[in-house]
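K.L.:
Numbered per numbering that gives the first Met the number 0, the sequence shown spans residues 0 to 328.
No residue lacks a Cβ here, since even glycine has one placed at the ideal position from N, Cα and C.
The structure is given below, and queries will be raised subsequently.
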Amino acid sequence: MIYVKNGPIDLVIPWVNGEDPQWQQKAAPYLSVKDFNGERFRDWGILKYLFRSIDRYLPWVNQIYLVTDNQIPNWLNLNNSHVQVIDHREIIDHQFLPTFNSNAILMNAYKIPNLSEHFMIIEDDMLFTRPAKPEDFFVNGRPRDFLIESPISPNEDFAYILMNTMMLINRQFDKRKVLKQLRSKYLNLHYGIEIVRSLGSCFYRHFTGFYNRHCVQPYLKSEFKNVVENIFPTECHETITHRVRGNHDISEWIVRYYNLVTGNFIPSSPHRYRYFEIGQFEDIRKAVNDEKYFSICMNDRDIHHFEQNIHQLRSILNEKFDQKSSFEK
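Laid out in structure tokens, this is it:
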């Protein structure tokens, strides 16, 4: 076991191979044709490179938990003691299985057996792209994060989920009291130009939304459990019962948001992370090679040029991460 100043830090990675025929057969009664043809469950093969980036840039990580629905990548080396595959059945009540709802799955992350108090969630469309220390994610036992307001943009169905999540925060907390108590964390110099986002929203009576960077997210297991089981138990349970992601869900980000408004975090720069859409290949190549960001997200929105895009993306990732990791056979 690898110890650091804050204690061991684990990584949780949710993953699904939507091209698996057995998984498709299981999902068919619950998912629409659009779900199968869209980007939500498509596997770009980034997971292998994520593990290579962990091996290269975060060798101090204690344990990696790959959360799947009875799926194991054929290249994964299960003899590596620092990786463990967690089936949905180990963390989700059987009556709510099978589930194809990422909100429900991640809301149960804290139930992973032997999960460390300090852990991080990183999605399978993300990579680490520069060397990082434990203190880059946790300081004095608390997650590093940023309390930046950013109005929710209603341009896709996911906005419903964000709105539902924010409504819980606004019902529970008086924004004016929060800002009075957390002024130095709300308008913090670490945020750089992004402070402007908060300045544009600070006069509204309620929180308009929080800035999300689609990046690796640090959590405390005890706080995660507290929010899900004690603070918002009814709403969290309701989402867990939904087998497919829908407009009535809340996000597991409710834990992050609760941490923000209670001040249980250390302010840090949001510019340590970067979001790309697959297709921005030159920008992705530059980000991977420059080692400027701690992590990047490569989101899949283009449903029309899959084969062409996947070839270009893998070519870029192979250039940088050409060596097998200890997590591969």
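Excluding the 5 residues preceding and the 5 following glutamate 290 in the sequence, name in chain order all residues of the same chain whose CB lies nearer than 7 Å to its CB.
P.N.:
Thr128, Arg129
K.L.:
Starting from the C-beta of tyrosine 210, find all residues in its chain whose C-beta is less than 8 Å away, skip the five residues before and the five after it, and write them out in chain order.
P.N.:
Excluding positions up to five away in sequence, the list reads Phe145, Ile147, Glu148, Ser149, Glu193, Arg196, Pro269.
K.L.:
Excluding sequence positions up to five away, which residues of its chain have a Cβ less than 6 Å from the Cβ of valine 66?
P.N.:
Pro13, Ile85
K.L.:
Only counting the same chain, and skipping five residues up and downstream in sequence, which positions put a Cβ closer than 7 Å to that of valine 226?
P.N.:
Ile253, Val254, Tyr257
K.L.:
Is valine 243 helix, strand or coil when you go by DSSP?
P.N.:
Three-state result, valine 243: coil.
K.L.:
Relative to the alpha-carbon of asparagine 69, which residue among Glu281, Leu30, His87 has its alpha-carbon at the smallest distance?
P.N.:
The residue among Glu281, Leu30, His87 with its C-alpha nearest the C-alpha of asparagine 69 is His87.
K.L.:
Is isoleucine 283 helix, strand or coil when you go by DSSP?
P.N.:
helix
K.L.:
Drop a sphere of 10 angstroms on the beta-carbon of serine 31, count the other beta-carbons inside from all chains shown, and report buried for 16 or more, exposed for fewer.
P.N.:
exposed
K.L.:
Should the stretch 95-115 be called in touch with the stretch 271-290, which here means at least 3 C-beta pairs below 8 Å?
P.N.:
No: fewer than three Cβ pairs fall under 8 Å.
K.L.:
Please classify glutamine 83: does DSSP put it in a helix, a strand, or coil?
P.N.:
strand
K.L.:
Spell out a yes or no on whether the stretch 181-190 and the stretch 240-250 are touching, meaning 3 or more CB-CB pairs, one atom from each, closer than 8 Å.
P.N.:
no
K.L.:
Mind the definition here: the stretch 92-99 touches the stretch 47-63 only if three or more C-beta pairs lie below 8 Å; say whether that holds.
P.N.:
no
K.L.:
Could you tell me the alpha carbon to alpha carbon distance between phenylalanine 206 and glutamate 18, rounded to whole angstroms?
P.N.:
40 Å
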